[in-house]
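Here's the structure, in structure tokens; my notes come after.
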Amino acid sequence: MTEHDITLTVNGTEHDLTVEARTLLAHALRDELGYTGTNIGCESSLCGACTVEMDGEAVKSCTALAVQADGAEITTVEGLSDGGEMHAIQRAFQEEHGLQCGYCTPGMMMTSVEILKENPNPTREEIREGLEGNLCRCTGYQNIVNAVQNAAESMGSGAVADGGTRDGGGSAGDGPATDGGTVVDACDAPGGCGCADEFDTAGGGDSR
Numbered sequence: 001m002t003e004h005d006i007t008l009t010v011n012g013t014e015h016d017l018t019v020e021a022r023t024l025l026a027h028a029l030r031d032e033l034g035y036t037g038t039n040i041g042c043e044s045s046l047c048g049a050c051t052v053e054m055d056g057e058a059v060k061s062c063t064a065l066a067v068q069a070d071g072a073e074i075t076t077v078e079g080l081s082d083g084g085e086m087h088a089i090q091r092a093f094q095e096e097h098g099l100q101c102g103y104c105t106p107g108m109m110m111t112s113v114e115i116l117k118e119n120p121n122p123t124r125e126e127i128r129e130g131l132e133g134n135l136c137r138c139t140g141y142q143n144i145v146n147a148v149q150n151a152a153e154s155m156g157s158g159a160v161a162d163g164g165t166r167d168g169g170g171s172a173g174d175g176p177a178t179d180g181g182t183v184v185d186a187c188d189a190p191g192g193c194g195c196a197d198e199f200d201t202a203g204g205g206d207s208r
């Protein structure tokens, strides 16, 4: 197999490495350089767990070849914090409980950073649309959307919720939530879901 010498600048540190032509960027980051915060979930660009920033844009590193990133500046989830201080998006995910198992979280955070970079003042619907390429099988998405909104507010951009009202929290299974008289869907999953129909809104259990 043909090998290539490449240079990657990851989180501000330059790395020279030799990789096979078929080596994926995700594998180079994890296996060659030790940046294991970049998770691999599907290897087919479906789940977004492997999302990193390459030259300022979010990319799914499981479908990018390492040789394609030669000379690029890469930011992984490990590079979000500054001097030991959590990035606003990291702090927001913690405060809003925007994770459960945590496997999708690095990719969610990297995509969220991209969302706020492109649109510092997103509505909840715009946040959901921006996260469509990232899958989470645990949270029901609502707290993830809350976290992006929280981060936008703490960064001084003041994200505006749909209708000007911020969701008060909860998760799939809690039933429709209300905040200031505004009804909020039980689940913020991109494209919507059937949570409100499938769960007992009183007890949070499966009603089927």
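Just so you know, the UniProt record's numbering puts 187 at position 187 of the sequence shown, and the rest follows in order with no gaps.
Cβ coordinates follow ideal geometry from the N, Cα and C atoms, glycine included.
* To do: With DSSP as the reference, please indicate the residues paired to Ile-6 in a beta bridge.
  => Leu-17, per the DSSP bridge assignment.
* **Cut-off 8 Å between Cβ atoms - residues of its own chain near Leu-46, not counting five sequence neighbours on either side** => Excluding five sequence positions before and after Leu-46, the CB atoms of its chain that fall closer than 8 Å to its own CB belong to Leu-135, given in chain order.
* To do: Helix, strand or coil for residue 218, going by three-state DSSP, please let me know.
  => Nothing can be reported for residue 218, as the shown portion of the chain is limited to 1 through 208.
* Asked: Any chance the stretch 37–53 sits against the stretch 94–113, with 3 or more Cβ pairs inside 8 Å?
  -> Counting Cβ pairs under 8 Å, three or more are found: they touch.
* Asked: Are there three or more Cβ pairs, one per stretch, closer than 8 Å when the stretch 36–44 is compared with the stretch 3–17?
  -> Three or more beta-carbon pairs separated by less than 8 Å are not found between the stretch 36–44 and the stretch 3–17, which leaves the two stretches without contact.
* Asked: Cβ of Ile-6 within 8 Å of Cβ of Val-67?
  -> Yes, they are a contact pair.
* To do: Could you spell out where the alpha helix (DSSP H) holding Ile-127 opens and where it closes?
  => Under the DSSP assignment, Ile-127 falls in the alpha helix (DSSP H) whose first and last residues are 124–130.
* Between the CA atoms of Glu-132 and Asn-146 - distance to the nearest angstrom -> Going by C-alpha positions, Asn-146 is about 15 Å away from Glu-132.
* When the Cβ atoms of the stretch 77–88 are set against those of the stretch 17–25, are three or more pairs found closer than 8 Å? -> Fewer than three Cβ pairs drawn from the stretch 77–88 and the stretch 17–25 lie within less than 8 Å of each other, which leaves the two stretches out of contact.
* **Residues near Glu-114 in its chain [Cβ-Cβ closer than 6 Å; skip 5 each side]** => The residues Ala-58, in chain order, have a CB closer than 6 Å to that of Glu-114 in the same chain once the five nearest residues on each side in sequence are set aside.
* To do: Confirm, please, whether the CB-CB distance from Ile-127 to Gln-94 is below 8 Å.
  => It is not a contact, given that the beta carbons lie outside the stated cut-off.
* By a C-beta neighbour count over all protein chains shown, 10 Å radius and 16 as the cutoff for buried, is Thr-139 buried or exposed? -> Buried: at least 16 other Cβ atoms inside 10 Å.
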